[in-house]
Structures are given as C-alpha cells and as structure tokens.
Amino acid sequence: MGFDKAKAIRAAEKYLASGKIPSAIQEYARIVEHDAEDFNARNTLGDLYARVDKRAEAATCYRRVAEHYREQGFTLKAVAMYKKLTRFAGEDQHTALALAALYEQQGLMVDARQHYLIAAEALGRAGQSREALDVLRRIADLDPSNTEVRLRLAESFASENLPDLAAEAYTEAGARLAARREFEPALEAFNKALGLRPASHAALHGMLSAHAALGTADDAAEVLERAVKERPGDLEVRAMLARAYVDAEDAQRAEAATHELVSRDPSSFMLLFDVARLYLRHGGPDDAARLLDYVAEPALAARQEAALAELLQEVLARNPEQMDAHRLLVRCYSSMHDEVKLRSSLERLAEAAEATGAIEDERRALTRLARLAPDDQGNLARLEELGGPLFDEAGPAEQAREEPPSFERFMLSDDSAAGSASAPPPSAAPPAEFEWNSVSEPPPAPPAADASASFADLNDLTDGASYESPAPPTPQTGFQEFDFTAPAAETPAPAPTSGPSVERMLKQELESVEFYIEQGYADIARDTLDMLERQYGRHAEIDELRARLAAAENEAATQTEDPAAGFDMGAAFEPAPAPAATDAHAFDPAAFETPAAFNEPETPAAFEAPAPQAPSQTASGNSQPKPAGAGIDPGLAAIFDEFREAVEDDDGEEETGGDFDTHYQMGLAYREMGLLDQAVEEFQTAAAQAAPGDGTPRFLQCCNMLGHCFMEKGMPRPAALWFKKGLQAPGHSEDEYQAMRYDLGTAYERMGDHGRAIEVLSEVYAIDVSYRGVADRLRELQKASKS
C-alpha cells in the first residue's frame, strides 16, 4: 500500500496536539523520507528534534533547508536558516563560509568579515593553513584599501610556498600604494612580486610606473632589458622596455627598442609617436621628422592623420624649413580631405621650397595650388616662372613621382631607392641595424589617395598653351573641371568625360586603388572609388575594382589574418614572424598609460560562488607546499589578530550596503523562521534608517513588525510602545491607522489594562463598527472589566 502523505500529516498534528513529540517526529521523518523536497516538513522536523534536545539531528535538518534556500537564490531565508542552525550546532567553518558569502551578496561587509574570520580561525585550528589564508584573502578583498593587511597576507602566502598567490597579493598592495602616490613602498611591493614571479606583466607594469614617478626610469629599463633577454618573444615586455627608455629620456635607445618591437608587431607603430615627441623635447626636429616619415604610411592607413599632423606642426614650429615635414603634412590633409588646411600646407610648402631652393617641390606645390585656387594670379605667375606645371609627359622620372606610394619604397633609404626598380630589396640585415628615409635629400612627396588631391588631375593641362604667354593666363577648363569649391553659378560647362587626357587620369587613379586593395587599405580604396565615380561617372573599370574590393573584404572576414600582413615593413629590416592575433602577450600601447596592475583588483575566481565547504587549493600545481601543522603557527596567528582588529574597527562604522530594504527583508526572513530576537534586531536597525515624516511607509512598517514580534514573544508592553510610535507617525492612510489602533488595543488587553484597551478599541468602533469583529471584542472587554 502506498504512502499517504496527507494521512501522515494529520497523524503528526494529532500527536503534537496531545504532546506526543516522539511520535510526531516519527511521522515527520516518514514524510521527509518519502518526499525529500518537502522542506517545510524538514524544517518542522528540525524544530521537533530541538524540542527533545536532539541537537545534531536538528542541525542536520536545518542545514539541508538552508542549503536548499541558498541554491535556489533565497538569500534572506538562507541567512535565517543558517543563523537558526548556529543555535544548535555552533558555527563551524562550513556554516561561517556560507553565511559570509550570503552577507557579502547583501552588501553587509562588516558581518561578512566577521564570519570569514570565524571560518579562517576554524581552518587554522584544524591545521589547514593554506585554506585559512585563502579565506583571509577574501577578507582583504572586502577592504582593498588596507594595504598593510594585504602585505602581511602576501608574506604568509610566501611562507606557505604559494608564490603565485604571494606575487598577486604583493602586486595588488603595490597598486593600492601607487594609487595613493606612495611610490617608494609601492616599488618595494612590486619588486617582491617580481622576485617571486619575474614574468608577471602586472608587476612589471607597476614597477615601471613607480620608477617613472620617482624619476628612476633607468633602473626600470635595466630590469626590463634582462626580461627581454630571458623572454625575447614577449612583445609586451618589449613595449614596456621602449616606454622605459622614453621615460628615461633616452631617445636613441627608445628608437632602437621601438623599431625592434614594430618589426615584430607592426600594430605597435604608435609608440614611435612618443619617441618623436621625445626628440622634439630634446630639440631634434629633424630626427622627429625622420621618424614620422618612417611611420606615416601605417599611420595614414590606420586613420591616425590627426595625431600625425599635430606632431608635424610641432616639427615645423621648431624648423619651418623642414621639407619632409611639409610634404608629410600635405599628405595628411589630403587624406583627411580638409581642403582649407591642405591649401595652407601647400602654400607653406611652396614658401619653404623657395627658401631652400627646392625647385621641384615648389613647382609641385604650386601646381596643386593652381587647381585648388585657379584665380590666384600670384601662384600662376610664379609657376610660369618655374617652367609651368608638371605633366606626365615630363618623362619617366616625373611619372615615377606620380605613382602611388608603395610601403617598400616608403621604407627604403635613399640609397636603396636610387637602385634599379626591378632589383629586389635586401632580404637580410643585422637585427640591430636600421635604415631610415633620408632627411637631407628627401624623396618627393607621394600623392594622396583621393582624386581631388592628386597631381594626375592636372594631366588635362597638356596643351599648356596659356602658360607659354608671359601674361597671367585665364584659368583653363581643366582647372574648373575639378574645382569643387567654386560656386556653381561660376562653374563653366564641364569638359567632356572622355578623351586621351581624361582616360589617362582615370587609369592612374585606378592604379592607385589597385595598390590600396593589394595592401589591405579597404577604407581608402572604397573612398577613392566613390570619388572617382562621382567625378568620372560609371566605368567598367570602377565596377571591376569594386568587385575585387568586396572579394578581398569577404576573404579577410573568413580568414584569420596575420596582423603584420597589412604592413610590409620593407627592406630596412628582416622582421621576425609576427605573433598570432590571439597571442596572450600581444602588446597594447595603452597599457603603458594605465597599467593593468593599477586597475581595481578583481575578486579571485575561486570565490565567485562560494559553497559552504572548506575552500579549495588555489596554488599552482608546481608549488610544493609545506606539510600542514597541527595548529596555528605564530605567523598565521599574528595575521588573524590583525584581521580581527580590522573587523572590530569596522563594527561601529555604517555599512555602505546595509540599507533599509536589506535589514527589513532580513527581519521578515528571521520572523518567518521563528528567530524573533534576530528579527527584532533587524527591524530596529531598519527603523533607525527611516524617519516618521519622510513621506514613505517605511517607519510605519517597522513599527508594525516590531509590535507583532514582541507580541509573538509574549511581551505586550514593548509591543504597545511600537504601535503607539506608528500611530504618531504622520502622513499615512486611515486604514493603516485603523489597523494600528486595533493592534494597540490587543496589546493593552494582553497587558491586562482593560480600560485603555476599551478606549482604543472604541475609536476603532467609532470609525468602522464592522472592523475585525471589534464590536464583539468591546462587549467581552466591558464584561470582563465589570466582573
């Protein structure tokens, strides 16, 4: 015959009514045995065990109910059940850990620290020193600003032969000290971390930042040089070394280190900007221009025109006749499509070229200015004096100047560029030998990517008739055809979009687009194609290049590209193989500005969802721990004392997360579990955080709950006190006051004060004669008072 749960419940209730507790226990035990998910029955069974002083059995029932509430996310009920459990079984390490984690979830950090400390001491007494240290680390995470405790914790980890945890603790302490600008103790902490884990990037970052703040970046560079020798493939360490040289104001070594890094990881080219700034601070604008010339191509491809232009302006502020800087500035503004700044930079280039006698540069700048400002007679006259604009027919040398720039040509020095065009670049060079673009004899500036800024736009001037006359020429149709800034009313009828010169211009621009597609500059290629289509209309060649561009983008999206593929660093170096895109050590230049060690320390993964059992071992597998002792060693005892003092100091502080709702809900959970003393404490705390006239029902709710808790404890006098406080609170509804009056009258009745009970209940009767049987209650009280 099957188990009849309803019959068992009725039998248990019958036994309880007759005071037969053991028989009731047997029935509830049968219920729990057949329905393990009936946690109300299990809780009742625990209460019955408690009544017959079977504390171990009661604790078992309460623990299972508490674990169920915790697993289901009922945090407040879980806390109440664990507190109920501690009344019968004490607070062992499992219960303390569970309560600490639950309090931490609620934001009650003081309570969390107290229970973590109880768990740590229990583990220490059991000889589980490593697990005790893990719990103390959790306490330290609750108060990250306490660096002294964290340093002591690091020492304890080191003494327990847990170098990973010790290094992490030292690094976190150093980061906190550095955030308070205590750089000397921070540096000491970082050095201790590096002594335990020399490859720690966080500790190296912190050490570098501390040295830089103290003005001893040279010392950091020495440490990083050794690290690079030990781990030559660690790109992040190489980046830190370059930063250390910059901080140490050593421009030459910073340049060499950065070039070595860029040869391995082209995406780190932005570090060369910092080296260029260092040269500028040292009064070397020519060296800065040389570096910017080197890095211009990847910078333009990465859309860093603004940063590049800003540095070039600083170069020209120090040396207005620096021709390389003028040429690069023209390229920047051409790439940015900023016609106003482009015109200004061309005018400055022409002036500098005239001052230095660079006739070809001046002709080239004036040719472009003639297109941008065809009405400027001064520019046209000067151009005529120099021999007129440059044309494609000028010969192979001029055509070579007009070709789109290749990264190889950009990276080569003058010597290599002067060689045969068909000769392959040198394939091997010593690792530490670098070649640079010449500044003293610079190559002509390459044209910008867009058609509006290209010398090819002037190919339609091949007739050149007007420029043979000494008089200022009338602007030709070719200039007007591409003058996008002229008002529409003043624009002559457009020239035919066909003919030898137009086809020649289009062909040259399409070759530029082919170069951009081959080099992976998809954005520049797409922008140029859009401009060509607006300028020349639809052409089969443009459509074909669009198809090639789309195919290249699709291929890039479906493959994992080598990050160095977009930057061919040319023949100046023989780069080592670039790291894969997923390399954990891939360098991010921004990491120098804000070291990872200075970020908010994260909660260790081992504690993200702590269960109520002893913490697991978190040390690395290669560590050899010392045998656990039978008790707490003196060092661990000392750190317990420090943590206990910190907890006691915080007992009087206001809990940042202990708001009204947390305490009120906790009180409800305690009351539901029958823990009335704890419920009263929580409701009183919540009431202290509310005010009678704050416009919310919070204070009245606390008064009501406190009154009922005291009534359930058989203490009607304090209950009446809280009910009266509730009645005195302004701003509530008449229904709320009516319920409070009724409960106050009940409290007076329990106290035996029938006179005041009749007085209060009469007010209830006067407002609503049918309210909760108040008429019958009054008649009974009046009879009792007369007898």
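Per this note's numbering, residue 326 is the first one in the sequence shown, and the count goes up by one each step. Here a beta-carbon is modelled for each residue, glycine too, at the ideal position from N, C-alpha and C. None of these values were measured; they are calculated from a predicted model.
The beta carbon of A333 lies closer than 7 Å to those of E352, R355 and I356 in the same chain, with the five residues before and after it left out.
With distances taken between CA atoms, Q990 lies nearest to Q431 out of Q431, I346 and K339. For T681 and R689, the gap between their C-alpha atoms comes out near 15 Å.
Excluding its 5 nearest sequence neighbours in each direction, D686 has C-beta neighbours in its own chain below 6 Å: A678, listed in chain order.
Annotated as distal: S534 and T496, with beta-carbon spacing of 8 Å or more. Within the stretch 418-496, the complete alpha helix (DSSP H) segments of 4 residues or longer fall at 418-431, 434-450, 454-467 and 472-484, listed in chain order. Segment contact: the stretch 999-1017 against the stretch 1025-1038, three or more CB-CB distances shorter than 8 Å; contact assigned.
Rounded to whole angstroms, the gap between the alpha carbons of L410 and N516 is 47 Å. Per DSSP, reduced to three states, the secondary structure at H864 is coil, with no helix or strand assignment. If you ignore the 5 residues before and after A349, its C-beta comes within less than 7 Å of the C-beta of A337, Y340, L341 and L373, all in its own chain and listed in chain order. Put simply, of E710, Y1096 and A624 the residue whose alpha carbon is nearest the alpha carbon of L596 is A624. Excluding residues up to 5 positions away in sequence, L1086 lie with their Cβ nearer than 7 Å to the Cβ of R1102 in the same chain.
A straight-line Cα-Cα distance of about 57 Å links L539 and D701. If you draw a straight line from the Cα of I1083 to the Cα of D468, it is about 56 Å long. Contact check for A601 against A613 passes: the beta carbons are separated by less than 8 Å.
In terms of CA proximity to L715, L694 leads the group G703, L422 and L694. In this model, L708 and R673 are separated by some 15 Å (Cα to Cα). Counting only the Cα atoms, A632 lies some 27 Å from G531. Straight through space, the alpha carbons of E843 and E880 are spaced by roughly 13 Å. Spanning the alpha carbons of R1104 and Y1090 requires a straight line of approximately 11 Å. With a contact defined as Cβ atoms closer than 8 Å, L1031 and Q1009 qualify at about 7 Å.
A residue is called buried once 16 or more other Cβ atoms fall within 10 Å of its Cβ, and F508 is buried on that count. Across the set M661, G609 and E646, the C-alpha of M661 shows the shortest separation from the C-alpha of A627. Cα atoms of L529 and P591: separation of roughly 23 Å, rounded to the nearest angstrom. Residue environment analysis places V665 among the exposed positions, since fewer than 16 neighbouring C-beta atoms fall within 10 angstroms of its C-beta. The alpha-carbon separation between P1041 and K1108 amounts to approximately 22 Å.
Judged by beta-carbon spacing, A1072 lies beyond the 8 Å limit of A1100, meaning their Cβ atoms are not closer than that value. T472 places its beta carbon less than 8 Å from that of R501.
Boundaries of the alpha helix (DSSP H) harbouring D649: M648 to M661, taken from the DSSP string. Counting only the Cα atoms, A675 lies some 7 Å from L691.
Boundaries of the alpha helix (DSSP H) harbouring G1051: P1041 to Q1053, taken from the DSSP string. Scanning its chain for C-beta atoms nearer than 8 Å, with the 5 sequence neighbours on each side dropped, one finds around G609 the residues A576, in chain order.
CA-CA distance, S343 to Q418, rounds to 39 Å. For the pair K1050 and F328, the Cα-to-Cα distance works out to about 52 Å.
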